[in-house]
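Residue numbers (this note's numbering): 42 to 268.
What follows is a short report on a single structure.
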């Protein structure tokens, strides 16, 4: 599959671009190149120049930041079909977080100079990119609301359900990484997972969590306090 055709397939199923029509999608696809990353490889870091929009062809990219205490916080996890890098791409300023490959990954890359030249000719595309940017901001605001209003159990249940939607009921993730997702320590995450394991909701394997009763976890995801 070429970068051209592959990026076009991604755009055709993406809500932002799907209604633009084949001509626009073909133009954007023709600009794309591909890049491969190994597990743990850094795509970009905070303060790097924002020079590209990325689409995940395969694999998983985690958007992360660090705290003064040295903890890593996962802001988002992106799988096949997801787009990211819009903020720095559109305003031309530095990246505000790190992007790291969680597993071997392949990305489509749309460079800022190519895209901006196209947007001057096609303002409808610019309007839709603004919509995507707003969606990202709303997502981050939602994450902050979760931390403030939901218990650790509810946040953890919600995150597992979301990950299962992208990667299936067998989720390859460490408990430390899961803690970074939900703003908890590995120990507190482990205690909650053990409760759910004994209740038969999940199965724990090395580096993997298997959801046995995803519906039960989905119900817990909206409860202020759950165990």
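The C-beta atom is built at its ideal place from N, Cα and C for all residues, glycine as well.
Predicted model only: the values in this text are computed from it and were never measured.
Taking the beta strand (DSSP E) that residue i belongs to, which residues open and close that run?
i           : result
residue 87  : Neither: residue 87 is in no beta strand (DSSP E) and is coded neither H nor E.
residue 113 : 113-119
residue 143 : No beta strand (DSSP E) holds residue 143; DSSP gives it neither H nor E.
residue 252 : 249-252
Put residue i into one of helix, strand or coil per three-state DSSP.
i           : result
residue 223 : helix
residue 54  : coil
residue 43  : Confidence at residue 43 is low in this model, with a pLDDT of 48, below 50, so the placement of that residue should be treated as unreliable; the coordinate-derived value is given next. In this structure, residue 43 counts as coil in the three-state DSSP scheme.
residue 239 : helix
residue 105 : strand
residue 268 : Note that residue 268 scores a pLDDT of 49, beneath 50, so its modelled location is shaky; the value from the coordinates is reported in the next line. Three-state result, residue 268: coil.
residue 260 : helix
residue 194 : helix
residue 82  : coil
residue 212 : strand
residue 207 : helix
Which residues mark the beginning and the end of the alpha helix (DSSP H) in which residue i is found?
i           : result
residue 133 : No alpha helix (DSSP H) holds residue 133; DSSP gives it neither H nor E.
residue 71  : 63-72
residue 93  : Not the alpha helix (DSSP H): residue 93 falls in the beta strand (DSSP E), residues 93-99.
residue 157 : 153-162
With distance defined between alpha-carbon atoms, name the residue in the options nearest to residue i.
i           : options               : result
residue 172 : 87, 124 and 75        : 124
residue 165 : 55, 65, 48 and 52     : 65
residue 90  : 75, 179, 233 and 153  : 153
residue 211 : 87, 236, 260 and 248  : 248
residue 106 : 174, 221 and 49       : 221
residue 147 : 138, 254, 255 and 122 : 122
residue 50  : 149, 115, 78 and 118  : 149
residue 136 : 118, 85, 201 and 169  : 85
residue 157 : 223, 129, 179 and 139 : 129
residue 318 : 102, 178 and 117      : The question about residue 318 has no answer, for the chain in this structure spans 42 to 268.
residue 78  : 101, 68 and 228       : 101
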